[in-house]
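First up is the structure itself, then whatever we jot down about it.
Chains as they are written, first to last, in my numbering: chain A, 1 to 113; chain B, 1001 to 1114.
Dropping the structure here:
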């Protein structure tokens, strides 16, 4: 069965630190990849997406992610986090031929001011 | 606000009761999805509609669960004879048709079964 793994469940960083959140998926075919963010008390919002082309994609609020096909990974990065980045981050995969997302378990990020 | 809306936002019910949730997608989005999220987990797919047709259902959707989208606009999710294990956040999302795969999520309905 297809699955998505997010190995970091809780991450605590100080402001200005760099961030990398891991996401690995198990599916050998064509995939579309997403990172969603859920700020406290808010609904899931799309941060960035990868469909094809340049494997380094840029999203909102200074986030970026790199698709490495050989490693089945789509890690999220941000060079310098802010207190307002405190949120839960979800990686999601959409495999070809379907419209349903498979989500990872999420990473709860806390940024200390 | 033209995003996805869900009603109610919170529902507390006693075990054995039936509950119904409503989702209004973004106008003109022809795909609508239901997910369930429990504490410490990511959302899990339940079912999706393209217009009024229910095209896929997860094995998580037991016989006690039914979803409809009668006119291809809003959708309802009904849970009959609720059990404590049904306690979760129920999320609705919508997406435009064609090659648009990006899903827009609503705020969710939090169900507590006592």
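The beta-carbon is built from N, C-alpha and C at its ideal position, and this holds for glycine as well.
Going by beta carbons, residue 46 (chain A) and residue 1102 (chain B) fall inside the 8 Å limit. In the DSSP secondary-structure assignment, residue 35 (chain A) is bridged to A:48, A:91. Residues of chain A with a Cβ closer than 7 Å to the Cβ of residue 1103 (chain B) are, in chain order, 101. Beyond the five residues adjoining it in sequence on each side, residue 3 (chain A) comes within less than 8 Å, by CB distance, of 25, 26, 102 in the same chain, given in chain order. In the pairwise beta carbon analysis, the region 38 to 52 of chain A is classified as not touching the region 1024 to 1031 of chain B: fewer than three pairs are separated by under 8 Å. In the three-state DSSP reduction, residue 54 (chain A) falls in the coil class, being neither helix nor strand. The beta carbon of residue 1065 (chain B) sits closer than 6 Å to those of 1079, all from its chain and outside the five residues before and after it, given in chain order. Within chain B, the residues 1042 have their CB atoms less than 7 Å from the CB of residue 106 (chain A), given in chain order. Chain order gives no chain A residues near residue 1081 (chain B), where near means a beta carbon separation below 7 Å; the closest approach is about 26 Å. Distances from the CA of residue 1099 (chain B) to each of A:8, A:22, A:52, A:21 were compared; the closest alpha carbon is that of A:52. With respect to residue 1020 (chain B), residue 1082 (chain B) sits apart: the two C-beta atoms are not nearer than 8 Å. Residue 62 (chain A) has its alpha-carbon roughly 20 Å from the corresponding atom of residue 68 (chain A).
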